[in-house]
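In our numbering, the protein residues as written are 1105 to 1172. One structure below.
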Ligand SMILES: [Zn+2]
């Protein structure tokens, strides 16, 4: 059996292992849409934001804040 080097992600919602990277549009509370890559389950649609995706959202929020 070949050794799998890539980590196998298992969906915590439905137990499916069909979890892969997808690009998705997230809408922030102020209406800003940011595109991030997340791990998403293709069975139930559950999305898992990793640290990188969360950082993208955080930066988008900070950028959007109006200066006065
Ligand atoms: Zn799932």
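Glycine is no exception: its CB is placed at the ideal position from the N, C-alpha and C atoms. Remember, it's a predicted structure, so these values are computed and weren't measured experimentally.
Query, Result
"Check: residue 1149 C-beta below 8 Å from any heavy atom of ligand 1", "yes"
"6 Å CB neighbourhood of residue 1118 in its chain, flanking five on each side removed", "1147, 1148"
"Near ligand 1: residue 1126 beta-carbon under 8 Å from a heavy atom", "no"
"Inter-residue spacing [alpha-carbon to alpha-carbon] between residue 1152 and residue 1123", "9 Å"
"Residue 1123 CB to nearest heavy atom of ligand 1 below 8 Å", "yes"
"Every unbroken alpha helix (DSSP H) inside the region 1131-1169 [4 residues or more]", "1155-1168"
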